[in-house]
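**Student:** Chains E and C are the protein sequences, given in the same order.
For the first sequence, our numbering assigns the number 28 to the initial residue and increments by one for each residue that follows.
For the second sequence, our numbering assigns the number 26 to the initial residue and increments by one for each residue that follows.
Backbone N, C-alpha and C define an ideal beta-carbon position, used for all residues, glycine too.
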Amino acid sequence: MSQPFLKVEGLKKVFPGVEGGTGVTVFEDIHFGFEKGEFVCIIGHSGCGKSTILNVLAGLDSASAGNVFMNGREVSGPSLDRGVVFQSHALMPWLTVIQNVAFAVTSRWPEWSREQVHIQCRKYLELVGLGHALNKKPHQLSGGMKQRVGIARAFAIEPKMLLMDEPFGALDALTRGVIQDELVRICSATQQTVFMITHDVDEAILLADKIVLMSNGPEAKIAEIVENPLARPRMRAIIHHEADFYPLRNHLVDFLVTRSKRIAEGHLPDDYDPVHPPLVRPTTRSELLVAKVG
Amino acid sequence: MPLSLNVRAVIVSLIFLVAFIGLWHLGTLPDMAKKAYADPAYAALMGGATPAKSGIPSPGMVWHTAVTNLSNPFYSNGPNDKGVGLQLAYSLGRVLIGFFLAILIGVPLGFVIGMSPLMRKALNPYIQIMKPISPLAWMPLALYTIKDASFSSIFVIFISSIWPILINTAHGVSSVRQDWLNVARTLEVNPIRTAFRVILPAAAPTILTGMRISMGIAWLVIVAAEMLVGGTGIGYYVWNAWNNLDLSNVIFAIFVIGAVGMLLDMILGVVAKLVTYQE
Ligand SMILES: Nc1ncnc2c1ncn2[C@@H]1O[C@H](COP(=O)(O)OP(=O)(O)OP(=O)(O)O)[C@@H](O)[C@H]1O
Ligand SMILES: [Mg+2]
């Protein structure tokens with residue numbers, strides 16, 4: 028079998044304990060991978076180490092053990108190949124909307140003329156529906172608009188992979204829905220590979236092709252990888268009428284409510300293998316169709 | 026209709042001004058002054074039978090002095106008789122040179138301290154010891170080593186204005202939001218570009234606050250320094266007026282010092298406004 032586009036191997040993170048005490052192993056033996064063009068969400072309870080994994084993928088943090096490979100090359104630091112959408116949008120308040128995006132674009136293509144940079148910035152800001160707010164400062168924007176600028180900035184450098192840490196966590200349900208729709212549209216238009224953290228089961232079902240489930244920490248594990256049985260394009264307005272919607276949703280909620288805790292207490296299937304976590308595809312026809320990767 | 030707060034504030038300010046000048050005027054009426062200096066021994070000591078003249082001058086006299094001085098501010102009749110504008114120019118020149126030297130050294134050094142916890146820890150004891158030293162305490166050492174009154178004053182300005190700039194720059198740089206630095210890292214921005222495009226604008230409001238404090242201190246210190254070393258400058262102008270018992274000129278100079286200090290602060294305030302951002 029060929030190498031996946033992104034491959035995580037035996038990842039482990041230990042944070043040093045206070046005053047030289049033994050450190051806390053947040054997670055260990057994390058293995059997973061996914062293909063180009065896939066949208067992957069990771070779900071797990073607070074504190075299980077999702078942000079830590081994302082920061083390692085981004086190259087902003089380093090793992091205590093294990094490796095991350097993208098396109099067969101090891102990830103050893105931040106790179107323009109991986110765009111990051113920060114939870115707190117992280118816009119620079121002294122720059123206007125278009126200048127924020129331009130900062131990223133000129134970093135990606137230093138040789139571009141001002142005209143080219145401007146065209147690229149406009150294109151992606153219009154894509155997220157902010158063509159009218161180019162010259163506003165971030166403090167003049169609503170929370171949802173700021174988040175959209177952050178998304179435009181990450182998309183504008185055309186990264187091979189997009190990493191998003193709870194990008195819509197701070198938004199109200201209505202705004203979140205609007206931006207989710209935009210994200211679905213942009214991702215299918217650009218065939219973008221995305222790795223995203225979310226706490227919202229419905230968001231994961233709408234956006235993700237694959238959902239990685241993490242058990243509770245410390246020493247969190249990849250409990251299983253769920254394949255979304257609902258085919259693209261998924262529409263927010265009608266997705267809950269599809270037959271496979273509720274089996275999938277129930278499976279995810281069951282995991283978050285009961286199984287994530289039981290796994291943390293050691294109740295793992297006998298044949299559990301961290302290198303090949305169970306691959307699950309919940310549908311109406313087969314309540315649970317369990318397969319093994321690889 | 027109620028007047029706006031600003032209009033009311035201006036009215037109250039003007040009332041205070043009129044009251045202040047009125048009281049001053051009443052307090053310096055000739056017969057009052059006579060009463061104040063009725064002690065013949067003191068009058069003799071002050072060397073004249075005209076006590077009203079050597080007493081506190083009236084607002085009218087100060088106004089007259091101001092008009093005379095300001096109508097010809099740049100004349101120069103030898104070392105002890107120079108126009109107030111010329112003396113101010115000397116002082117401003119020293120303050121600006123010392124202040125810009127402090128920026129030139131304080132801002133980059135503050136960057137280093139702000140970015141490197143090692144340097145912060147290593148340099149902190151020196152900063153803590155140097156900071157509380159009265160700038161004038163450096164004067165003898167400066168005069169001895171530099172051997173030039175003017176350069177010594179500049180050095181004293183430099184040494185007194187560097188600390189707020191240094192400390193504020195270090196603080197501003199070290200408290201730049203990690204998010205913004207992470208944005209730069211994920212965009213593979215090189216350290217120089219990060220320093221100029223991310224850290225500097227992020228820390229600029231804090232740095233400007235430091236500069237404003239420094240400028241305030243520098244303007245306080247230059248008057249004292251010039252009184253001490255003499256020669257030229259607004260501080261020397263005050264001292265010279267005092268030696269000539271020309272209190273009108275002393276009071277006029279006090280107003281000029283206050284006005285120029287306010288102007289300097291206002292200029293930096295405008296710059297601060299330009300670099301301030303709203304989160
Ligand atoms: N710098 C650090 N030092 C020590 N422990 C840390 C540090 N950063 C994170 N941790 C610990 O690592 C664990 C995982 O943190 P992480 O931020 O990755 O969780 P998360 O899954 O993203 O949680 P959430 O959903 O709340 O964002 C937490 O238990 C946290 O206490
Ligand atoms: Mg997190």
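For N149 of chain C and A228 of chain C, I'd like the C-alpha separation in whole angstroms.
**Tutor:** C-alpha separation (whole angstroms): 20 Å.
**Student:** Go through the residues and name those whose CB comes closer than 5 Å to any heavy atom of ligand 1, in chain order.
**Tutor:** E:F42, E:V53, E:S73, E:G74, E:C75, E:G76, E:K77, E:S78, E:T79
**Student:** Based on DSSP bridge pairs, tell me the residues matched to S101 of chain C.
**Tutor:** C:K107
**Student:** Leaving out five residues before and five after A74 of chain C in sequence, what residues of the same chain have Cβ atoms less than 6 Å from its Cβ?
**Tutor:** Annotation note: pLDDT 43 at A74 of chain C (below 50); position unreliable, no value reported.
**Student:** What are the boundary residues of the alpha helix (DSSP H) that I184 of chain C is part of?
**Tutor:** The continuous alpha helix (DSSP H) containing I184 of chain C extends over residues 174-199.
**Student:** Put L283 of chain E into one of helix, strand or coil per three-state DSSP.
**Tutor:** helix
**Student:** Could you work out which residues of chain E lie near F211 of chain C, taking near to mean beta carbons separated by less than 8 Å?
**Tutor:** Checking the sequence shown, residue 211 of chain C turns out to be Thr, not Phe. The answer, in chain order, is A85, G86, L87, P105, S106, L107, R109, G110, V111.
**Student:** What are the residues in the region 112-123 of chain E lying within 7 Å of chain C by C-beta distance?
**Tutor:** F113, S115, A117, M119, P120, W121
**Student:** I need the straight-line Cα distance from G294 of chain C to A243 of chain C, nearest angstrom please.
**Tutor:** Cα to Cα, G294 of chain C sits roughly 16 Å from A243 of chain C.
**Student:** Rounding to the nearest angstrom, what Cα-Cα distance links A183 of chain E and Q147 of chain E in this structure?
**Tutor:** 7 Å
**Student:** Tell me which residues share the same chain as G135 of chain C and place their Cβ nearer than 6 Å to its Cβ, disregarding the 5 neighbours each side in the sequence.
**Tutor:** L191, T194, A195
**Student:** Which runs of the alpha helix (DSSP H) spanning at least 4 residues fall entirely within the region 32-96 of chain E, listed in chain order?
**Tutor:** 77-85
**Student:** Report buried or exposed for M155 of chain C, applying the criterion of at least 16 other Cβ atoms within 10 angstroms of its Cβ.
**Tutor:** exposed
**Student:** Short check: CB of P238 of chain E to CB of H58 of chain E, under 8 Å?
**Tutor:** One point to set straight first is that residue 238 of chain E is Ile, not Pro, in the sequence displayed. Not in contact: I238 of chain E and H58 of chain E (Cβ atoms no closer than 8 Å).
**Student:** Taking its Cβ as the centre, do 16 or more other Cβ atoms sit within 10 Å of H278 of chain E, making it buried, or is it exposed?
**Tutor:** buried
**Student:** Return no unless some Cβ of chain E is closer than 8 Å to the Cβ of P216 of chain C.
**Tutor:** no
**Student:** Taking the straight line between their C-alpha atoms, what separation do you get for F277 of chain C and Y151 of chain C?
**Tutor:** 40 Å
**Student:** Would you say F183 of chain C and G258 of chain C are within 8 Å of each other, going by their C-beta atoms?
**Tutor:** no
**Student:** Please classify M291 of chain C as buried or exposed, where buried requires at least 16 other C-beta atoms within 10 Å of its C-beta.
**Tutor:** exposed
**Student:** Quick check: the Cα distance between S38 of chain C and P55 of chain C, rounded to an integer number of angstroms?
**Tutor:** 28 Å
**Student:** Out of C:I238, C:I279, C:N31, C:S199, which one is the CA nearest neighbour of A249 of chain C?
**Tutor:** It is C:I279.
**Student:** For the candidate residues C:L30, C:F176, C:G256, C:Q203, whose alpha-carbon lies nearest to that of G103 of chain C?
**Tutor:** Nearest option by C-alpha distance: C:G256.
**Student:** At a Cβ cut of 8 Å, what residues of the region 127-140 of chain E count as close to chain C, listed as they run along the chain?
**Tutor:** F130, A131, S134, R135
**Student:** Since Q303 of chain C meets chain E, which of its residues come closer than 8 Å, beta carbon to beta carbon?
**Tutor:** Within chain E, the residues near Q303 of chain C are P120, K164, H166.
**Student:** Using only the heavy atoms of ligand 2, determine whether one of them is closer than 7 Å to the beta carbon of D192 of chain E.
**Tutor:** Yes, the Cβ of D192 of chain E comes within 7 Å of a heavy atom of ligand 2.
**Student:** Answer with yes or no whether the minimum CB distance from P142 of chain C to chain E is below 8 Å.
**Tutor:** no
**Student:** Give the residues from the region 276-298 of chain C that approach chain E closer than 7 Å (Cβ to any Cβ), ordered along the chain.
**Tutor:** none
**Student:** Are the C-beta of W205 of chain C and some C-beta of chain E separated by less than 8 Å?
**Tutor:** yes
**Student:** Quick one: give me the first and last residue of the alpha helix (DSSP H) that R180 of chain E is part of.
**Tutor:** 170-183
**Student:** Going by C-alpha to C-alpha distance, which of C:P142, C:G80, C:L299, C:V285 sits closest to L270 of chain C?
**Tutor:** C:G80
**Student:** Rounded to whole angstroms, what is the Cα-Cα separation between G108 of chain C and A114 of chain C?
**Tutor:** 10 Å
**Student:** Quick check on the DSSP output: the alpha helix (DSSP H) that includes V275 of chain C runs from which residue to which?
**Tutor:** 272-300
**Student:** Flag V223 of chain C as yes if its beta-carbon sits less than 8 Å from any beta-carbon of chain E, otherwise no.
**Tutor:** yes
**Student:** For R145 of chain C, which residues does DSSP report across the bridge?
**Tutor:** In the DSSP output, where bridge partners are listed per residue, R145 of chain C has none listed.
**Student:** What are the start and end residues of each continuous alpha helix (DSSP H) run of 4 or more residues lying completely inside the region 208-242 of chain C, in chain order?
**Tutor:** The qualifying runs are 216-219.
**Student:** Under 8 Å between the Cβ atoms of L210 of chain E and V111 of chain E?
**Tutor:** Not in contact: L210 of chain E and V111 of chain E (Cβ atoms no closer than 8 Å).
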